[in-house]
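Colleague:
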Amino acid sequence: MFSIFKKNKESETVNYFPFTTDIHSHILPGIDDGSPDVATSIMLIKGLMSLGVKNSIATPHIIGDLYRNNPETINNALQILKQELKIQQIDFEVRAAAEYMLDSYFFELINSDQKLLTLKDNIILTEFSYASMPDDPGKFSFAIQMAGYSPILAHPERYPYYYDNYKMYHRLADLGFMLQLNLLSLTGYYGKEAAKAADYMLKNELVSFVGSDMHHERHLAMLSESRSKASFNKFLSHRNWNDFLE
Ligand SMILES: [Fe+2]
1 MFSIFKKNKE SETVNYFPFT TDIHSHILPG IDDGSPDVAT SIMLIKGLMS
51 LGVKNSIATP HIIGDLYRNN PETINNALQI LKQELKIQQI DFEVRAAAEY
101 MLDSYFFELI NSDQKLLTLK DNIILTEFSY ASMPDDPGKF SFAIQMAGYS
151 PILAHPERYP YYYDNYKMYH RLADLGFMLQ LNLLSLTGYY GKEAAKAADY
201 MLKNELVSFV GSDMHHERHL AMLSESRSKA SFNKFLSHRN WNDFLE
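All the letters of the sequence shown, read from the start, carry residue numbers 1 to 246 under my numbering.
1) Closest by CA to Gly47, which one among Arg68, Thr20, Asp32, Gly64?
2) For Glu127, count the other beta carbons within 10 Å of its own beta carbon; 16 or more makes it buried, fewer makes it exposed. Which is it?
3) Which residues in the same chain as Glu193 place their Cβ atom closer than 6 Å to its Cβ, once the five residues preceding and following it in sequence are excluded?
4) Under the DSSP definition of a beta bridge, which residues are partnered with Gln180?
5) From the DSSP output, in three-state form, read off Leu116 for me.
6) Relative to the C-alpha of Asp136, which residue among Ile31, Asp103, Leu119 is closest?
7) Please classify Tyr200: is it buried, with 16 or more other beta-carbons within 10 angstroms of its beta-carbon, or exposed?
8) Do three or more CB pairs link the segment 72-84 to the segment 103-116 at distances below 8 Å?
9) Check whether the segment 171-184 touches the segment 195-212, counting contact only when three or more Cβ pairs, one atom from each stretch, lie closer than 8 Å.
10) Let me have the residue list for ligand 1: C-beta closer than 5 Å to any non-hydrogen atom, ordered along the chain.
11) Thinking C-beta only, is Tyr130 closer than 8 Å to Tyr159?
12) Given this structure, state the Cα-to-Cα distance separating Pro29 from Lys229, to the nearest angstrom.
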């Protein structure tokens, strides 16, 4: 009896993955630095499904200088992908929102009352520049909330300018940013400092969501490898993640 119990326990551990809804990914074909074509999108989706993910809210970049996506470009890519899922009879739900870089273009959008693409209700996914620290993140959160939205901040653990100032993670949460961790940060994929910052935020209960931020096959391979080593369990298995979006 004991050996059977032990075996079950082990397989349960190995099969653990922190969510069934992925709220951050670049799996829509051909519109940002994620999947270049629909065949790649399908391959990434099959990989997500093998990890236990049942649905995704794809979040293509909207960056003024690089990817000026809009509801039309995003919806077109979504329809191409959904059509292919249907043809191949793949049972996976994809919706679309966006990952908004908080640049001057973003402020043009909200100042001109453009409707933003939300994950659910009034919740939007945002990111900061990796290269330059925002002077005043309070200004961002204030403008976003005044426009009627609530921001999730993508991967705060990946912004190098906060590595010597963890107090900022508390400040960002106080300002109304819900913090979203990239799963791969916990594995060291983005470097030691990102892993340390991720660990700090989890220990201090600052993390509201986790996501794959899947761009390409290497991300998928690393996620699969980490899952089979049960690497996420010690950090994440104490609660359900992303469940309010399901
Ligand atoms: Fe992203």
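By construction, the Cβ of each residue, glycine as well, lies at the ideal position given by its N, Cα and C atoms.
Modeller: The structure says:
1) Here the closest residue by C-alpha is Thr20.
2) The Cβ neighbour count for Glu127, taken over all protein chains shown within 10 Å, is at least 16; the residue is labelled buried.
3) Within the same chain, Glu193 has close Cβ partners Tyr163.
4) Residue pairing by DSSP puts Gln180 in a beta bridge opposite Ala154, Phe209.
5) It is coil, neither helix nor strand.
6) Each of Ile31, Asp103, Leu119 was checked against the Cα of Asp136, and the nearest Cα belongs to Asp103.
7) With fewer than 16 other CB atoms across the displayed protein chains lying within 10 angstroms of its CB, Tyr200 is exposed.
8) Taking a cut-off of 8 Å for Cβ pairs, the segment 72-84 and the segment 103-116 do not touch, as fewer than three such pairs fall below it.
9) Taking 8 Å as the limit for Cβ pairs, the verdict is that the segment 195-212 does touch the segment 171-184.
10) Going by the Cβ distance cut-off, the answer is Glu99, Asp213.
11) By the CB criterion at 8 Å, Tyr159 and Tyr130 fall inside the cutoff.
12) Their Cα atoms are separated by approximately 30 Å.
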